[in-house]
Every structure is written in C-alpha cells, then in structure tokens.
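Comments concern the structure below.
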Amino acid sequence: VARWGAYNHPLMTTLRERAQDLGAYRIWAKNWFGSCVGFSAQLAALVQRTTGDAKKCVLENLSDEFDHRVTHDVLRTRFYESLGLTFDVGGALDDPDRVLEATELLNTRTGLAFLRDPVWALGCFYGVEANWPPECRLHLEINRQRGLDDHTLEYWTGHATADDHHSAEWLA
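Here the sequence shown is numbered in the working numbering, starting from 850 and rising by one per residue.
Right, dumping it as structure tokens:
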C-alpha cells in the first residue's frame, strides 16, 4: 500500500497543488462516489461468507457504515453535494467525466463479496481500508484549503483515522 496506494497517484498531487480547481476535483469526486455505491451491501454479502475473527472484522466495518448518528452514505452524499454534484444512476453511464475503471471497481468488489471463498474479498477490502486513511488526509488538506466546514468534511475526518484501525483488523 505504501508503494502502490492510490494516495501516491500523480492525480492526488495535482489536486493538492490546485486545490481551488473545482472542475478537476469534481471529476475525481464523480468517479470516487460512483465507486462507493453499494459498499455497505458488499460488506453485508461478505459477512455471510465469513466466520470467526474475519466475521467480527467485517461486522465491525459494516456497523460503522450504519453509525447511529449518521450513516456513511449520508456523509459521502453530504460531501459530494457540497461540490455542486448530484448522483443519478442513469446519467452516470453517459457522463464523459466518469471512467469505466470506477464502475469496474464497484463491480469487482461486488463479485468478490459473493464468491463462496471469502479470501479474495477480504483481501480486496483490506486494500481499500489500508489505502484510505492517507488518501483521506490528503482530501482533508485539499478541502480545508478550499474552506469547507467540519460538518461537510465529516466523512474525511472520520476515515482519516478510523480505517487505520480497520486495515489492521483486516490484516490480522
């Protein structure tokens, strides 16, 4: 993850250096948001195929998605809409800003979560959780430069630290 994590991608450097370029950031956000659709459902499918400590780990991640105060879907949507964007499933496929790889990431995670042997999905989710904290810290930096408030940034703030714990659990 330290070598190949998405947070090391040159795009993240560009977004950080051009924090006020909302157009570029919106393109990134459209693809990120599209790849998150169904994340909770993927965890729900995976928990049915796990046992023991793995099941506890997946259940903890799933319960975090449905936090009693506010769900992660609400937090993601709150941030996404702060960029002046709305998500429309039908329109997403025709949007020239969206890349096929973002949809394929979603499809791959869904497929892996439904395989009889959960090891592939467990590895995939570990990769997500291990990469996410450093990337979230970058998004916090970018969006604080843009002047967004803590309420709007709650998704990034929570994931900048929580997924360090989650990825350690997935690896254990």
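Virtual Cβ for every residue (Gly too), placed ideally from N, Cα, C.
Using three-state DSSP, classify residue i as helix, strand or coil.
i	result
W877	helix
A851	coil
L911	helix
A1017	helix
H1000	coil
F963	coil
CB-CB under 7 Å to residue i, same chain, minus the five flanking residues each way: which ones, in chain order?
i	result
F936	F882 and Y929
A893	L911
V907	L892, L895, V896 and T899
L997	S931
A1023	Nothing about residue 1023 can be read from this structure; the chain reaches only from 850 to 1021.
What does the Cβ neighbour count give for residue i, buried or exposed, with the cut at 16 atoms within 10 Å?
i	result
V923	exposed
H1000	exposed
H988	buried
E866	exposed
F915	exposed
Does residue i get closer than 8 Å to chain C when you measure Cβ to Cβ?
i	result
W881	In the displayed structure, chain C is absent; only one protein chain is listed.
Leaving out the 5 sequence neighbours to the left and right, which residues in its chain are closer than 6 Å to residue i when beta-carbon positions are compared?
i	result
E1003	L924
F963	A894
Output needed for residue i: all residues of its chain with C-beta closer than 8 Å, excluding positions within five of it in sequence on either side, in chain order.
i	result
R927	H1000, T1001, E1003 and Y1004
L860	W877
If you measure from the CB of residue i, is any heavy atom of the ligand COA nearer than 7 Å?
i	result
D966	As far as ligands go, the structure on display features none, and thus does not contain the ligand COA.
Inset, instruction - Take every Cβ of the stretch 940-957, pair it with every Cβ of the stretch 877-887, and state whether three or more of those distances are shorter than 8 Å. - result: In short, these stretches touch, since the Cβ pair count reaches three.
task: Indicate whether the contact test is met: 3 or more Cβ pairs, each with one atom in the stretch 952-971 and one in the stretch 866-876, closer than 8 Å.
output: The stretch 866-876 and the stretch 952-971 do not touch, with fewer than three beta-carbon pairs separated by less than 8 Å.
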